[in-house]
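Input: a single structure, listed below in structure tokens.
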Amino acid sequence: MSCLIFYRRMRRRISEYKDAPLERMVHSPQYGLTMWLTGAIGVIGFAIASWQLVLSLLAILRGN
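Every number in the numbering used here is 627 more than the matching position in the sequence shown, counting from 1.
See the structure below:
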């Protein structure tokens, strides 16, 4: 039940910002969620790339 209340509250807050100018859009809950998701995806991508680099270096060092 609390999830339904949270969802309705979130939808109402998003609808308030839907036709707002850019200054208000920065403070919208949808903007915050988007930025959080973008940051999380960036961190995951960086971790995968770093791990691939470590594996590549180990393969090169063992090959020599």
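Ideal Cβ positions, reconstructed from N, Cα and C, are used throughout, including at glycine.
I'd like the list of long-range same chain contacts for residue i, defined as Cβ closer than 7 angstroms, with 5 residues on each side in sequence excluded.
i, result
"proline 656", "Met637, Arg640 and Ile641"
State the start and end residues of the unbroken alpha helix (DSSP H) segment that holds residue i.
i, result
"serine 589", "With the chain covering 628 to 691 only, the question about residue 589 has no answer from this structure."
Closer than 6 angstroms by C-beta to residue i: which residues in its own chain qualify, once you throw out the five before and the five after it? Chain order, please.
i, result
"isoleucine 570", "The requested residue 570 is not part of the displayed model; the chain covers only 628 to 691."
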